[in-house]
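The structure under discussion appears below in the form of structure tokens.
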Amino acid sequence: MVYPQRVEPKQGQESVWDYPRPPRLEPVAKRLRAILCGETIADTTHGYRVLETSHPPVYYLPPEDVRMEFLIRTPRSSFCEFKGVATYWTVKAGFKTAEDAAWGYENPTPEFMPMKGYLAFYANRMDECYVGDQKVTPQPGGFYGGWITSDIVGPFKGGAGTWGW
1 MVYPQRVEPK QGQESVWDYP RPPRLEPVAK RLRAILCGET IADTTHGYRV
51 LETSHPPVYY LPPEDVRMEF LIRTPRSSFC EFKGVATYWT VKAGFKTAED
101 AAWGYENPTP EFMPMKGYLA FYANRMDECY VGDQKVTPQP GGFYGGWITS
151 DIVGPFKGGA GTWGW
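End of the sequence shown sits at 165 in the UniProt record's numbering; the numbers just go up one at a time, nothing left out.
This is the structure:
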């Protein structure tokens, strides 16, 4: 197994290799947005981010700041050893449908209870997602949902050959 070389962060940046395992939940005051087909599906300054070693942050937005009329609950679920069972939603806006594009934890583990009912969005399934005024880059691969911005450095887990990290 070849392990990645940590990129040294510059002033004002964070390295995902300094994030903890098990992951940590922290509040985010920056504006977070998710957009599909010209509709702002979610917009908040009251989100959380989950920080986990080798992963870009996953941002969770409170349900009161998500336009739930654009979301349809799906039968999909998954299990995270740290957060519990996730449920998924498809996002439909205009002529676009983004399957299983949002997920959240209705009954998270005690450590993640503050984000109960909050939703995260896969940036690669939405048209645009933002942290502050910066458009994010989706985490590589299709499984994880981290949002990459210029203030974090990797390398990032998720792409080909990174499952064993």
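Glycine included, each C-beta is placed from N, C-alpha and C at the ideal position.
Every value quoted in this text rests on a predicted model; they were computed, and no experiment measured them.
Under the DSSP definition of a beta bridge, which residues are partnered with Trp147? Looking up residue 147 in the sequence shown gives position 147. Beta-bridge pairing links Trp147 to Pro138.
If I follow the unbroken beta strand (DSSP E) through Phe79, where does it start and stop? Your numbering for residue 79 matches position 79 in the sequence shown. Element bounds for Phe79: Leu71 to Cys80.
Exposure label - Gly12; buried when at least 16 CB within 10 Å: The sequence position of residue 12 within the sequence shown is 12, counting from 1. Burial call: exposed.
Put residue 175 into one of helix, strand or coil per three-state DSSP. Because residue 175 is not part of the residues shown, which for the chain are 1 to 165, the question remains open.
Going by beta-carbon coordinates alone, are Trp163 and Pro57 separated by less than 9 Å? As a position in the sequence shown, residue 163 is number 163, starting the count at 1. As a position in the sequence shown, residue 57 is number 57, starting the count at 1. For Trp163 and Pro57, no; Cβs fall outside 9 Å.
Output needed for Phe112: all residues of its chain with C-beta closer than 8 Å, excluding positions within five of it in sequence on either side, in chain order. Residue numbering aside, residue 112 sits at position 112 when the sequence shown is read from its first letter. Once the five neighbours on either side are set aside, the close Cβ partners of Phe112 are Leu25, Val50, Phe82, Lys83, Gly84 and Tyr105.
Which whole runs of the beta strand (DSSP E) in the segment 83-113 are 3 residues long or more, in chain order? The qualifying runs are 84-93 and 96-104.
Once DSSP output is grouped into helix, strand and coil, what is the label at Pro63? Counted from its first residue, the sequence shown places residue 63 at position 63. Pro63 falls in the helix class under three-state DSSP.
Beta-carbon separation of Pro63 and Trp165 under 9 Å? The sequence position of residue 63 within the sequence shown is 63, counting from 1. The sequence position of residue 165 within the sequence shown is 165, counting from 1. Going by C-beta atoms, Pro63 is not nearer than 9 Å to Trp165.
CB contact flag (Arg33, Glu128, <9 Å): Residue numbering aside, residue 33 sits at position 33 when the sequence shown is read from its first letter. Residue numbering aside, residue 128 sits at position 128 when the sequence shown is read from its first letter. Yes; because the gap between Cβ atoms is below 9 Å, this pair is in contact.
Count the other CB atoms within 10 Å of the CB of Gly158; is the residue buried (16 or more) or exposed (fewer)? Here residue 158 refers to the residue found at position 158 of the sequence shown. Answer is buried; the Cβ neighbour count reaches 16.
In angstroms, rounded to a whole number, what distance separates the CA positions of Ser15 and Trp103? Mapped onto the sequence shown, residue 15 falls at position 15. Mapped onto the sequence shown, residue 103 falls at position 103. Approximately 25 Å between the Cα atoms of the pair.
Residue closest to Met126, alpha-carbon to alpha-carbon, out of Thr137, Arg6 and Lys116: As a first step, residue 126 is located in the sequence shown; it is residue number 126 there, counting from the start. When each option's Cα is compared against that of Met126, the closest is Thr137.
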